[in-house]
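So the structure is just underneath, and the comments pick up after that.
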Amino acid sequence: DSRAPFTPTWPRSREREAAAFRESLNRHRYLNSLFPSENSTAFYGINQFSYLFPEEFKAIYLRSKPSKFPRYSAEVHMSIPNVS
Amino acid sequence: LPLRFDWRDKQVVTQVRNQQMCGGCWAFSVVGAVESAYAIKGKPLEDLSVQQVIDCSYNNYGCNGGSTLNALNWLNKMQVKLVKDSEYPFKAQNGLCHYFSGSHSGFSIKGYSAYDFSDQEDEMAKALLTFGPLVVIVDAVSWQDYLGGIIQHHCSSGEANHAVLITGFDKTGSTPYWIVRNSWGSSWGVDGYAHVKMGSNVCGIADSVSSIFV
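If you're matching them up, the sequences are chains A and B in order.
Take 12 as the starting number for the first sequence in my numbering and just add one per residue.
Take 72 as the starting number for the second sequence in my numbering and just add one per residue.
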């Protein structure tokens, strides 16, 4: 039920936070290894979310419900006025 | 299109906020767009109440999640007047809706548009220039670890789960990118912003795009 409040195992034990952190470090290493020579590519590392497992992060922060939007068609729209 | 454009340069974008442990990204993005739309129209730039949207948008679930489309429908249909953030501050949890008298000053919208701009990101950029910052929904699973640079991989389209606000774009370099304001505080990403590659619908950034009219 998406309406149910998220109740993670809180307060989280230091062991759980440490395990999430270790998993984060491995994930950073993997993400940074894939496209090292690519120009301006994103880089990943430790931040305020590193002590969360991905499923916890998703449950807390990724709570936007998707909707199906109609496809934009330039033909049916008025021309966009000049913008300075 | 200009090579670079950012509504922040016009001083019409409020500071990055922090949703804390509240799943209210959908409200932050919509309120951010209303703030900018009014500022673009010449009104003073000010923080409006995200908590009002979280508490009062009856077709959403507050800090337990919501839809930008439902929030826009609610704002438009009910002609809700958003009050200032200082009058209805953010508490990072659901609360009872606080009603204000009809004579209380506030900021309502005249309408909105909502389109899928996939494969048409140049048209999307025109909408950004014309109407102001864009409310978009992205797949932000990999954003948990983002520190900087241009997001070009590790993102899927079709799995939207996080609402953000596009304030501009930059095509001056070899990899053009959208400038995306997040609501995870200014210490996340690039001063609270993410850079997402333009032109490939990376993270599904062009799938669910809304503009607000005031």
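A virtual CB, placed ideally from N, CA and C, is assigned to each residue, including glycine.
Within the DSSP bridge table, the entry for residue 52(A) names 221(B) as partners. For the region 25-52 of chain A, residues whose beta-carbon sits nearer than 8 Å to a beta-carbon of chain B comprise 35, 38, 39, 42, 45, 46, 49, 50, 51, 52. For residue 103(B), the enclosing alpha helix (DSSP H) has its first and last residue at 96-111. Scanning chain A for C-beta atoms nearer than 8 Å to the C-beta of residue 194(B) yields 83, 85, reported in chain order. For the pair residue 241(B) and residue 250(B), the CB atoms are nearer than the 8 Å cut-off.
Taking every protein chain shown into account, the CB of residue 269(B) has 16 or more other CB atoms within 10 angstroms, so this residue is buried.
With its beta carbon at least 8 Å from every one in chain B, residue 23(A) lies outside the interface. For residue 56(A), the CB contacts under 8 Å within the same chain, skipping 5 residues up- and downstream, are 39, 43 in chain order. Taking 8 Å as the cut-off, the Cβ atoms of residue 283(B) and residue 203(B) count as close.
Looking at the DSSP output, residue 75(B) bridges to 241(B).
Counting along the chain, no beta strand (DSSP E) covers residue 211(B), and no H or E run does either. For the options 28(A), 22(A), 24(A), the alpha carbon positioned closest to that of residue 63(A) is the one of 28(A). The beta carbon of residue 84(A) sits closer than 8 Å to none of the beta carbons in its chain outside the five residues before and after it.
Beyond the five residues adjoining it in sequence on each side, residue 127(B) comes within less than 6 Å, by CB distance, of 168 in the same chain, given in chain order. Collapsing the DSSP output to three states places residue 23(A) in coil. By the criterion of at least three beta-carbon pairs nearer than 8 Å, the region 155-175 of chain B is in contact with the region 86-95 of chain B. If you draw a straight line from the Cα of residue 97(B) to the Cα of residue 33(A), it is about 31 Å long. In this structure residue 180(B) is not in contact with residue 102(B), their Cβ atoms being roughly 11 Å apart against a cut-off of 8 Å.
The beta carbon of residue 191(B) falls within 8 Å of a beta carbon belonging to chain A, placing the residue at that interface. For residue 55(A), the nearest CB of chain B lies under 8 Å from its own CB, placing it at the interface with that chain. The C-beta of residue 72(A) comes closer than 8 Å to at least one C-beta of chain B.
In its chain, beyond the 5 residues on either side, 121, 122 have a beta carbon closer than 6 Å to the beta carbon of residue 161(B).
Against chain A, a Cβ distance below 9 Å from residue 259(B) picks out 58, 59, 60. Just so you know, the alpha carbons of residue 233(B) and residue 175(B) end up roughly 32 Å apart.
Interface with chain A (8 Å Cβ-Cβ cutoff): residue 127(B) is excluded. A direct Cα-to-Cα measurement between residue 209(B) and residue 36(A) gives close to 24 Å. Going by DSSP, residue 267(B) is part of the beta strand (DSSP E) stretching over 264-268. Contact between the region 206-220 of chain B and the region 72-82 of chain A is established, with three or more Cβ pairs separated by less than 8 Å.
Chain A places no beta carbon closer than 8 Å to that of residue 149(B), leaving this residue out of the contacts.
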